[in-house]
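0 is the number of the first residue of the sequence shown in numbering that gives the first Met the number 0; add one for each residue after it.
Using N, Cα and C, we set each Cβ at its ideal position, and we do this for glycine too.
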Amino acid sequence: MAQYEASPVTVQKALRALAAQGMVESRPGVGTFVRPGRLARISDYGWQTGALGSPQTPIPQVSTALRTAPNDAIALHSGYPDRDLLPERLVRAAFTRAARSDATVSRPPAAGLPELQAWFATELGAAAPLGTAPPTPGDAIVLPGSQSGLNAAFRAVVGAGRPLLMESPTYWGAILAAAQAGVQIVPVPSGVGGPNPDELTRAFERTGARALYAQPNFANPTGAQWPPDLADQVLETVRHYGAFLIEDDWAHDFGIAAEVAPLAARDDGGHVIYLRSLTKSVSPSVRVAGIVARGPARGRILAHVQADSLYVSGLLQAVALDVVTQPAWRTHLRSLRQQLAARRDLLIEALRAQAPAANVEAVPRGGLNLWVRLPEATDLARLMGACEAAGVLVAPGDEWFPAEPTGPFLRLNYSGPNPGAFSEGAKVIGEALGRGNTT
Ligand SMILES: Cc1ncc(COP(=O)(O)O)c(C=O)c1O
0 MAQYEASPVT
10 VQKALRALAA
20 QGMVESRPGV
30 GTFVRPGRLA
40 RISDYGWQTG
50 ALGSPQTPIP
60 QVSTALRTAP
70 NDAIALHSGY
80 PDRDLLPERL
90 VRAAFTRAAR
100 SDATVSRPPA
110 AGLPELQAWF
120 ATELGAAAPL
130 GTAPPTPGDA
140 IVLPGSQSGL
150 NAAFRAVVGA
160 GRPLLMESPT
170 YWGAILAAAQ
180 AGVQIVPVPS
190 GVGGPNPDEL
200 TRAFERTGAR
210 ALYAQPNFAN
220 PTGAQWPPDL
230 ADQVLETVRH
240 YGAFLIEDDW
250 AHDFGIAAEV
260 APLAARDDGG
270 HVIYLRSLTK
280 SVSPSVRVAG
290 IVARGPARGR
300 ILAHVQADSL
310 YVSGLLQAVA
320 LDVVTQPAWR
330 THLRSLRQQL
340 AARRDLLIEA
350 LRAQAPAANV
360 EAVPRGGLNL
370 WVRLPEATDL
380 ARLMGACEAA
390 GVLVAPGDEW
400 FPAEPTGPFL
410 RLNYSGPNPG
420 AFSEGAKVIG
430 EALGRGNTT
């Protein structure tokens with residue numbers, strides 16, 4: 000019989016895992032002992048009902064886009080790119096360098112590492128037209144992901160009980176942050192062509208809102224990129240009403256057939272608050288973003304950021320800065336563009352062939368998602384259930400609407416693992432539609 004002898008390293012690893020689960024206990028110099036089993040007792044937390052009262056805002060479910068997929072699933076639901084699309088070699092090398100630096104043991108300034116602040120300001124400033132003053136490094140604040148920036152911006156420039164205009168549909172996390180901040184969401188009809196400018200004007204006029212949250216480039220979920228005249232019109236409207244535009248540039252690195260032209264680069268009057276995330280393009284584990292704001296709004300946002308998180312891990316900031324300042328980062332982005340184009344086209348083709356009733360609203364010129372309209376009578380919950388039972392995860396469009404959905408939609412992400420399975424995924428969606436998962 001073959002004998003298996005575990006190496007001391009393997010044994011130590013196993014013991015550490017058991018200790019972390021509370022199953023064994025190590026006593027230095029004595030040995031490792033199995034912990035006696037504890038009696039499982041049923042706890043009664045009923046008293047909390049009285050202490051907490053009714054929730055002031057609805058308690059959110061975990062968004063479908065954040066669900067962890069089983070290994071064998073075809074995951075079209077997620078919001079995060081597969082590791083094949085990340086600059087993994089650059090990230091690992093940056094961590095190695097950062098681990099040898101003082102970043103491991105020092106506290107960075109509250110607004111971020113000055114070099115990273117400068118990087119965010121310089122990138123945005125590079126897109127500024129002649130005659131528009133570019134932002135300074137001091138205008139930038141480094142964030143632990145742009146989600147916390149949304150929260151800070153909504154609290155700082157809108158405030159509880161006051162109106163905030165939002166495109167509908169829009170990013171579910173922005174809807175969630177707005178609800179948690181207690182702001183009153185005012186939906187503005189939008190779609191693959193961007194928001195309706197007349198409706199926007201009417202909403203400012205009617206509500207007296209002082210801010211609009213929007214994604215002018217490759218919006219999540221619709222993929223919309225605003226045409227230049229719409230961008231001009233929205234900027235003009237925001238200025239006219241003495242309001243802010245909170246511009247979420249989440250997909251800056253995911254241009255496919257177009258570059259990103261941030262509106263913030265064209266505003267030196269402090270009207271545009273600009274959010275730029277690195278989470279999805281550098282690594283979901285290097286959760287770093289920047290917010291660029293000018294004037295008193297910047298100080299108010301910083302106060303909220305500090306109340307939330309004090310400062311961002313210097314190690315993560317050092318890694319993010321290292322990655323985006325390597326010459327190989329540009330090379331990576333060029334190859335990413337091609338990979339995204341191929342994946343996007345593959346999924347569109349698969350849907351056309353296998354699920355003709357699913358209508359891709361427009362071919363996005365960037366971003367990670369297809370926005371797909373389904374036949375009017377589709378019961379989204381049943382359709383999702385049928386797809387999941389066949390091993391395909393999809394995200395229901397309803398989660399992206401701050402008001403009633405305008406129809407049944409799916410958001411399908413083409414940056415997940417295993418594009419080779421797109422055809423199979425589309426087939427499952429097509430069959431589920433064909434079986435009439437209708438209301
Ligand atoms: C439109 C949009 N904004 C912001 C975020 C949050 O980004 P981060 O990971 O930097 O917090 C996301 C993430 O899915 C997003 O899709």
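Ligand 1 has no heavy atom closer than 7 Å to the beta-carbon of Gly111. The beta carbon of Leu115 sits closer than 6 Å to the beta carbons of Val141, Gln316 and Leu320 from its chain, once the five residues preceding and following it are set aside; these are given in chain order.
The C-beta of Met165 has 16 or more other C-beta atoms within 10 Å across all chains shown, which makes the residue buried.
In the DSSP assignment, Ala139 falls outside any alpha helix (DSSP H) and lies within the beta strand (DSSP E) extending over Ala139 to Leu142. Checking the DSSP bridge columns, you'll see Pro374 has no partner listed. Bounds of the alpha helix (DSSP H) holding Phe421 are Phe421 to Gly433. Per the coordinates, the alpha-carbon of Leu175 lies some 10 Å from the alpha-carbon of Gly181. With distances taken between CA atoms, Val393 lies nearest to Gly78 out of Ile290, Gly78, Ala16 and Gln11. A residue is called buried once 16 or more other Cβ atoms fall within 10 Å of its Cβ, and Lys426 is buried on that count. For the pair Gly172 and Val311, the CB atoms are not nearer than the 8 Å cut-off. When the alpha-carbon of Pro136 is set against those of Arg293, Asn368 and Trp399, the nearest one is in Arg293. Within the same chain, Cβ atoms closer than 8 Å to the Cβ of Ala356 are found at Leu373, Pro374, Gly429, Leu432 and Gly433, the five residues on either side in sequence being excluded. In the assembly as shown, Asp248 is a buried residue. Its beta-carbon has 16 or more other beta-carbons within 10 Å. Taking 7 Å as the cut-off, one finds no heavy atom of ligand 1 near enough to the beta carbon of Gln224. Straight through space, the alpha carbons of Phe421 and Ala349 are spaced by roughly 7 Å. As summarised for the region 276-303, the continuous alpha helix (DSSP H) elements at least 4 residues long and confined to that stretch are 278-281, given in chain order. Pairing Gln47 with Ser62, the inter-Cα distance amounts to about 25 Å.
Going down the chain, each residue whose beta-carbon is closer than 5 Å to a heavy atom of ligand 1 shows up: Gly78, Gly144, Ser145, Gln146, Tyr170, Asn219, Asp247, Trp249, Ser276, Thr278 and Ala288. Using a Cβ distance threshold of 8 Å, Leu309 and His270 do not count as a contacting pair.
Pairwise C-beta distances place the region 352-370 in contact with the region 410-419, as three or more of them are shorter than 8 Å. Judged by DSSP in its simplified three-state form, Glu235 adopts helix.
When DSSP states are grouped into helix, strand and coil, Val90 belongs to the helix group. Annotation for Met165: no alpha helix (DSSP H) segment contains it, though the beta strand (DSSP E) segment containing it runs Pro162 to Ser167.
Of the residues Pro69, Asp83 and Ala72, the one whose Cα lies closest to the Cα of Arg342 is Asp83. In the pairwise beta carbon analysis, the region 331-342 is classified as touching the region 255-264: at least three pairs are separated by under 8 Å.
Residue pairing for Tyr212: DSSP places it in a beta bridge opposite Met165 and Ile245. The criterion of a C-beta distance shorter than 8 Å is not satisfied by Val323 and Leu274. Here the alpha carbon of Thr236 sits roughly 60 Å from the alpha carbon of Ala18. Burial state of Leu123 is buried, judged by a 10 Å Cβ sphere holding 16 or more other Cβ atoms.
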